[in-house]
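Student:
Protein chains: 2
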Amino acid sequence: MESKEVKLLGLWVSPVVRRVEWALKVKGVEYEYIEEDIYNKSNLLLELNPVHKKVPVLVHDGKAIAESLVILEYVDETWKQNPLLPQDPYQRALARFWAKFCDQQVLRIAWNALCSEGEEKQTYIEQCKEALEKMEEEVFKGKQILGEDEGSNIGYLDIAAGWITHWLPVYEEVGSIQILDPLQFPATAAWINRFLNHSVIKDNLPPRDKMPAYCHKRSQEFLNEKREARK
Amino acid sequence: MESKEVKLLGLWVSPVVRRVEWALKVKGVEYEYIEEDIYNKSNLLLELNPVHKKVPVLVHDGKAIAESLVILEYVDETWKQNPLLPQDPYQRALARFWAKFCDQQVLRIAWNALCSEGEEKQTYIEQCKEALEKMEEEVFKGKQILGEDEGSNIGYLDIAAGWITHWLPVYEEVGSIQILDPLQFPATAAWINRFLNHSVIKDNLPPRDKMPAYCHKRSQEFLNEKREARK
Numbered sequence: 002m003e004s005k006e007v008k009l010l011g012l013w014v015s016p017v018v019r020r021v022e023w024a025l026k027v028k029g030v031e032y033e034y035i036e037e038d039i040y041n042k043s044n045l046l047l048e049l050n051p052v053h054k055k056v057p058v059l060v061h062d063g064k065a066i067a068e069s070l071v072i073l074e075y076v077d078e079t080w081k082q083n084p085l086l087p088q089d090p091y092q093r094a095l096a097r098f099w100a101k102f103c104d105q106q107v108l109r110i111a112w113n114a115l116c117s118e119g120e121e122k123q124t125y126i127e128q129c130k131e132a133l134e135k136m137e138e139e140v141f142k143g144k145q146i147l148g149e150d151e152g153s154n155i156g157y158l159d160i161a162a163g164w165i166t167h168w169l170p171v172y173e174e175v176g177s178i179q180i181l182d183p184l185q186f187p188a189t190a191a192w193i194n195r196f197l198n199h200s201v202i203k204d205n206l207p208p209r210d211k212m213p214a215y216c217h218k219r220s221q222e223f224l225n226e227k228r229e230a231r232k
Numbered sequence: 002m003e004s005k006e007v008k009l010l011g012l013w014v015s016p017v018v019r020r021v022e023w024a025l026k027v028k029g030v031e032y033e034y035i036e037e038d039i040y041n042k043s044n045l046l047l048e049l050n051p052v053h054k055k056v057p058v059l060v061h062d063g064k065a066i067a068e069s070l071v072i073l074e075y076v077d078e079t080w081k082q083n084p085l086l087p088q089d090p091y092q093r094a095l096a097r098f099w100a101k102f103c104d105q106q107v108l109r110i111a112w113n114a115l116c117s118e119g120e121e122k123q124t125y126i127e128q129c130k131e132a133l134e135k136m137e138e139e140v141f142k143g144k145q146i147l148g149e150d151e152g153s154n155i156g157y158l159d160i161a162a163g164w165i166t167h168w169l170p171v172y173e174e175v176g177s178i179q180i181l182d183p184l185q186f187p188a189t190a191a192w193i194n195r196f197l198n199h200s201v202i203k204d205n206l207p208p209r210d211k212m213p214a215y216c217h218k219r220s221q222e223f224l225n226e227k228r229e230a231r232k
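Chains A and B are the protein sequences, given in the same order.
With the first sequence counted from 1, adding 1 to any position gets you this note's numbering.
With the second sequence counted from 1, adding 1 to any position gets you this note's numbering.
1. For B/T79, go through chain A and note every residue whose CB falls closer than 8 Å to its CB, in chain order.
2. Checking the sheet assignment: what are the DSSP bridge partners for A/L9?
3. Cα-Cα, which of B/P90, B/L86, B/A24, B/R97 is closest to A/D62?
4. What separation, rounded to the nearest whole angstrom, lies between the Cα atoms of B/Y157 and B/L86?
5. Just list the residues that DSSP pairs B/K64 with in beta bridges.
6. Going by CA-CA distance only, name the one from B/D210, B/Q145, B/A94, B/W168 that's closest to A/L59.
7. Return helix, strand or coil for B/Y175, following the three-state DSSP convention.
8. Would you mind telling me which residues of chain A sit closer than 8 Å to B/Y75, beta carbon to beta carbon, in chain order?
9. Considering Cα atoms alone, identify which of A/L25, A/T124, A/C116 is closest to A/W80.
10. Are the segment 5-23 of chain A and the segment 161-175 of chain A touching, with three or more C-beta to C-beta distances below 8 Å?
11. For the segment 30-43 of chain A, which residues have a beta carbon sitting closer than 7 Å to at least one beta carbon of chain B?
12. Grouping DSSP H, G and I as helix and E and B as strand, with all else coil, what is B/V17?
13. Any chance the segment 184-198 of chain B sits against the segment 146-163 of chain B, with 3 or more Cβ pairs inside 8 Å?
14. In angstroms with no decimal places, state the Cα-to-Cα distance between A/F196 and A/D159.
15. With a threshold of 16 other CB atoms inside 10 Å of the CB of A/A111, please say whether the residue is buried or exposed.
16. Return the CA-CA distance between A/K55 and B/E33, expressed in angstroms with no decimal places.
17. So which residues of chain B does A/F1 contact, with C-beta pairs closer than 9 Å?
18. On the three-state DSSP scale, how would you describe B/Q88?
19. Which residue wins for smallest C-alpha separation from B/V7, given the options B/I39, B/A65, B/E36, B/P51?
20. Does the separation of the CB atoms of B/F223 and B/C129 fall below 7 Å?
21. Shortest alpha-carbon distance to B/E134 belongs to which of B/E121, B/I155, B/C103, B/G119?
22. Compute every distance between the C-beta of A/P183 and the non-hydrogen atoms of the ligand ATP, then say whether any falls below 6 Å.
23. If you measure from the beta carbon of B/V27 to each beta carbon in chain A, is any gap under 7 Å?
24. Counting only beta-carbon atoms, is A/V71 nearer than 7 Å to chain B?
25. In three-state terms, what does DSSP make of B/L206?
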């Protein structure tokens, strides 16, 4: 397994890029990381992901794969050590179901809350809380995720939901919103603590102090686009 | 493999339900089909899919699985005969990538076009055509899908994209829109022909004559909701 054969096109602050890095680290796969400038996309990115023109893109032996959850499956199927998905088909289905739910109902909605205002913003905040309530009950109180036992390992669903631990607080700060009240979501809060202290995760997070400025800039750009479209 | 152990909660006209039926038929798995009334959801549905309250739900040995693409993976992992996904991890990644693309950029956008009006509708139509152009080039001209050879089998990506063959023409008719011009998309048109003549598919399609009335009713409901929200 030579380091040269695996490349990752990323963006330091992207939660969906970071989840690919976590998966590669869990597997012990060495890779070359190539930082992209999303305001001035490289020819390499446009060539490797012509459909979405977005990071992450994983390149393995010259073959490019896009979409972070698709990449996680690829990584798990290609490097068998330290499996990310459970072995049982039903448990695999649950992990995939909740990963998709977390992307669509939490991550996307939280970002929308950050990029909106007034009544629309409030609606997104409520939707996001409702989705997190479901994850609190069905995921974070369960056995699908990194547990307290020594033998418990980080897996696909931890990695997919991992952005909650480090990005959601930034969105809350930048958007002056509160979504994740630890008193309301104790199981989620306990998982966040376990996740952030995991050896693979704690050294592989974007610098917290640089994130608010970036998130503020990006969310304002989206908000301004929306205001323009409404005119 | 007893027929009693597999149940499918569905809706006759739903393309995402039908894809689960196709997968089960390809595998030769017998199942009990339970029709749902989406205007009056059964307690069974609410109990089995409390998160989304939507069909399809596959129940296998009492365990419920929701989300059609997640179900396809489950079916493929549980019944190994006639594999739906390719064996090679990279080919699997491509199939998953395009299945997701087809759901988000074609199916969802075509439905949005049907449930909108004026400039918004035109924007959706253009977006849908652009997405289909990409699929024409990258999917339907390629080897990812049911080919002309006798040995070519129907797989995950055919099943995921299959709604294009029988539902999209109904959306076009009901919405008075044209998206899929066979002259512009010859490879797509040829695949549609092969798909609709496949032994598993041709006897497992909703009755074409009943679909427009249903689609008209549903799309008008969504359109009216949007008009109300705008007031």
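All residues carry an ideal CB built from backbone N, CA and C; glycine is no exception.
Tutor: Put simply:
1. Result: P90.
2. A/Y34, A/L59
3. The shortest C-alpha separation from A/D62 is found at B/P90.
4. 5 Å
5. The beta-bridge partner set that DSSP reports for B/K64 consists of B/H61.
6. B/A94
7. The residue you asked about is not Tyr; residue 175 of chain B is Val in the sequence shown. Looking at B/V175 - three-state DSSP - the assignment turns out to be helix.
8. P90, Y91, R93, A94
9. A/L25
10. yes
11. The residues in question: there are none.
12. It is helical.
13. Judged by Cβ distances under 8 Å, the segment 184-198 of chain B makes contact with the segment 146-163 of chain B, as three or more pairs qualify.
14. 8 Å
15. buried
16. 42 Å
17. Since the displayed chain A opens at 2 and closes at 232, residue 1 of chain A lies outside it and no answer follows.
18. coil
19. Shortest Cα-Cα distance from B/V7 to any of B/I39, B/A65, B/E36, B/P51 involves B/A65.
20. no
21. B/C103
22. This structure lacks the ligand ATP; in fact it carries no ligand of any kind.
23. no
24. Yes, contact with chain B.
25. coil
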